[in-house]
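All remarks here apply to the structure that follows.
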Amino acid sequence: MAGTMKDSADQIRPENVFDDELDLTGVDLSMHSGRAWIDAISGIGDAHGFAEPLGKRHHAVFVEDGDTLLVTFESMPGISSYSQTATPLGWEMQAIEGWSNLSVICTADTWFRDREVVDFFDQLLDDGFFDEFEKVIFYGAGPCGYAAAAYSVTAPGARVVLLQPQATLDPRIAEWDDRFPEMRRVDFTSRFGYAPDMLDAAQAAYVLYDPQERMDAMHAALFARPNVTRFRLPYMGDALQGDLLEMDLVHPILDAAADDRLDVAEMSRLMRARRNHPPYLRRLLSRIDAEDRPLLAEWVCSNVTARLNAPRFRRRLDALRAEAEGRDG
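To convert, note that position 125 of the sequence shown is 125 in full-length UniProt numbering; the numbers rise steadily by one, no gaps.
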């Protein structure tokens, strides 16, 4: 591993990577799957940086462009579901912002605890890889959010953006989280083990979660640190990354984090997009109905139907008004 990484490191200096301007906007890997997809994305990494297998379940692909580096932790199933071109999320940021990207990809949810991944980041640390960049941002969601927090310690001063991350699955700390019984035997106590502690060296970290998702909220509480801002996003549900991608908010969130302007006011401004996002509005209405608040439900339905083509909310509004007339009569 160390020898392979040493050889790859020689390829990532700006003068040795490529002659033409990097442009990943036209790359479409959706026709590939499995091993063929790994081979295709690795070919791009080899041409514009490096590609590194990390055991049987993980792969790292680096493409160099600007002096801001986005380190993304992603899964192959996740990439295939949220990207029409089957390309890593960081490649969009390369196309928009000109950022360099290191994508660390797993074949399934592993929490990136395999020894080869640990060794890879130790090697990056030893080689001073992150020192090549003016800014470094780590990003991940769920199990990938755990990894983004855990490995961010290898780049002191990094900004870290985490969507509903787990802090640990060590049963001595998180025995209340019964969602992942298959991970109970995995070691979360050795190097890079407890994600919240790994954020101590970060410039700033941001944890986004829905406080009504009990497990996510309990993990978020474990991330309480002076340099961590936790954003409560009620009614966003348990698939936060998908909703943020649908609202085109991941890019501006990462951009704001990179510029150290992701505060409460900026997040509130960005999240106004929820007002036009049907899944959020449906969850909001369901919660109001569960609390039996017909007047508030009528106000929400009236507001939504005045702005959007929303047949479901129109039907609900008609029913609420009919019920109100019946009570008054």
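All residues carry an ideal CB built from backbone N, CA and C; glycine is no exception.
Of the residues the options, the one placed nearest residue i, counting alpha carbons only
i, options, result
"G90", "D109, T107, W111 and D65", "D65"
"G145", "D126, D127, S75 and E116", "S75"
"P226", "I137, L199, K56 and Y209", "L199"
"P143", "F133, N303 and F188", "F188"
"D243", "L270, L262, L222 and F130", "L270"
"F50", "L124, F223 and E92", "L124"
"E182", "W99, D109 and D67", "D109"
"P311", "D292, R282, I288 and D289", "R282"
"L285", "S268, R315 and A256", "R315"
"residue 330", "D210, R327 and I96", "Given a span of 1 to 329 for the chain in the structure shown, any question on residue 330 remains unanswerable."
"P88", "S103, E97 and I96", "S103"
"D292", "H277, E323, L169 and R179", "E323"
"N276", "M247, S302 and S268", "M247"
"E132", "R327, N101 and S30", "N101"
"T107", "R230, S33, E134 and A290", "S33"
"R230", "A290, W299, L169 and V160", "V160"
"L22", "L29, A290, V63 and S30", "V63"
Cβ-Cβ distance between residue i and residue j below 8 Å
i, j, result
"A167", "P196", "yes"
"Q203", "A158", "yes"
"V27", "T72", "no"
"Y194", "L162", "no"
"I79", "V61", "no"
"residue 331", "W176", "Examination of residue 331 is not possible in this model, given that the chain is present from 1 through 329 alone."
"E213", "D238", "yes"
"H59", "I38", "yes"
"A149", "P171", "no"
"I173", "L254", "no"
"E52", "F120", "yes"
Inter-residue spacing [alpha-carbon to alpha-carbon] between residue i and residue j
i, j, result
"S152", "T305", "44 Å"
"S8", "P77", "Below a pLDDT of 50, predicted positions are generally treated as unreliable, and S8, at 42, falls in that range; no measurement from the model is reported."
"L317", "L222", "41 Å"
"E15", "H48", "With a pLDDT of 34 at E15, under the threshold of 50, the modelled position of that residue is not reliable, and the figure given next carries that caveat. Whole-angstrom Cα-Cα distance: 11 Å."
"I12", "L69", "For I12, the predicted model reports a pLDDT of 35, less than 50, meaning its position is unreliable; a value from the coordinates is still stated below. Each residue's alpha carbon lies about 13 Å from the other."
"D19", "T25", "Any answer about D19 is weak, because its pLDDT of 39 lies below 50 and its placement is not dependable; what the coordinates show is given next. Cα to Cα, the separation comes out at about 17 Å."
"R185", "D216", "21 Å"
"Y139", "A297", "36 Å"
"E97", "F130", "19 Å"
"H251", "A201", "24 Å"
"W99", "E92", "9 Å"
"residue 330", "A224", "The displayed coordinates of the chain run from 1 to 329. Any statement about residue 330 would go beyond what the structure contains."
"A258", "V264", "15 Å"
"W111", "I105", "11 Å"
"D46", "R287", "49 Å"
"P234", "R35", "39 Å"
"residue 330", "P279", "Lying before the first or after the last residue shown, residue 330 is absent from the chain, which here runs from 1 to 329."
"R57", "A147", "14 Å"
"E134", "D260", "14 Å"
"C301", "D67", "47 Å"
"F313", "N303", "9 Å"
"R327", "D289", "17 Å"
"W299", "S30", "43 Å"
"R179", "V228", "25 Å"
"A256", "S268", "12 Å"
For residue j and residue i, believed in contact at Cβ under 8 Å, the rounded distance
i, j, result
"L262", "P294", "About 37 Å; that fails the 8 Å criterion."
"G55", "D114", "5 Å"
"L249", "A273", "6 Å"
"Y82", "L208", "About 16 Å; that fails the 8 Å criterion."
"V118", "R191", "6 Å"
Closer than 7 Å: residue i CB and nearest the ligand NAD heavy atom
i, result
"A40", "The ligand NAD is not part of the structure shown, which contains no ligands of any sort."
(request) Starting from the N-terminal side, write out each stretch of the alpha helix (DSSP H) that is 4 residues or longer and does not extend beyond the region 31–113. (result) 34–48, 76–82 and 89–97
(message) In chain order, what are the residue ranges of uninterrupted beta strand (DSSP E) at least 3 long that sit wholly in the region 152–231?
(response) 159–163 and 204–209
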